[in-house]
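Only one structure is covered here, and it is reproduced in the block below.
Residue numbers (my numbering): -14 to 264.
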């Protein structure tokens, strides 16, 4: 006996050992695992709101041929090879019609099926004017599949995904800020030591302290962007002077840069946490 929905023999079914399942919240995922999880969920949701493509005028769905017996049409076959016939004829030909020809569907399959049906019934194959060749069929574009964005955006699952993404972004931003604050504390100590022998400026602060205070006044995002521009050998002014398309290209690179830094920071935090538990 076989499960119709899955095609898996019921006799082979096994109980899931829940003791082997990994527990923990989404925050335990690495950056890459988290993005894959969200991407998979969004793809599944998008598929559920896809609308059936309009195939009425698509060449791949047009008639390939009919099979006639004594002037009567007993089967219709389209360019995919899909066949329409009576239930009784279908039962008679059960197991005789191939599902593919040379590993593919299309006109080659349609031709083969038409020939088998005609031979079994003593009929003839009548080609349709819309019949395609296999190479032409293979080069046809797929029908456009639209997604009902308005309906999908009202789905509770979509709203939960957006909330999850927002919470996760805030969590990782806080993590980055904590890492930066730790680095800033070290930098402050170094700046204070270096400033001990530096010449004071008019307001009583050295150049080193002034630069440090300016750096601390920036948001974590601004600090990351400054580090990114430094890695490119570019100043903020030079970035602002770029054409819009070059700015957009750099911003895409910046997004990848931040993701890499987040993943690196997460990995380092996990390593420190594991080490503290082992020591």
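Backbone N, C-alpha and C define an ideal beta-carbon position, used for all residues, glycine too.
Predicted model, so just to flag it, every value in this text is computed and none were measured.
Note on residue 94: 16 or more other CB atoms within 10 angstroms of its CB, so buried under the neighbour-count rule. Here residue 47 carries a coil assignment [DSSP, helix/strand/coil]. In this structure, 100 is the residue among 235, 100, 45 and 109 with its C-alpha nearest to the C-alpha of residue 82. For residue 112, there is no enclosing alpha helix (DSSP H); the enclosing beta strand (DSSP E) has its first and last residue at 109 to 112.
Per DSSP, reduced to three states, the secondary structure at residue 150 is helical. Around residue 86, the same chain offers 93, 94 and 97 as residues with beta carbons nearer than 7 angstroms, after the five sequence neighbours per side are excluded. Distance from the CA atom of residue 70 to the CA atom of residue 52, rounded to whole angstroms, is 10 angstroms. Per DSSP, the continuous beta strand (DSSP E) segment holding residue 62 begins and ends at 57 to 63.
Fewer than three beta-carbon pairs drawn from the stretch 118 to 135 and the stretch 144 to 151 are found closer than 8 angstroms, and the two stretches are therefore not classed as touching.
Of the other Cβ atoms in all chains shown, fewer than 16 fall within 10 Å of the Cβ of residue 24; this residue is therefore exposed. Taking C-beta atoms as the reference points, residue 116 and residue 49 count as a pair closer than 9 angstroms.
Here residue 45 is near residue 64, since their CB atoms are less than 9 angstroms apart. Annotated as distal: residue 227 and residue 214, with beta-carbon spacing of 9 angstroms or more.
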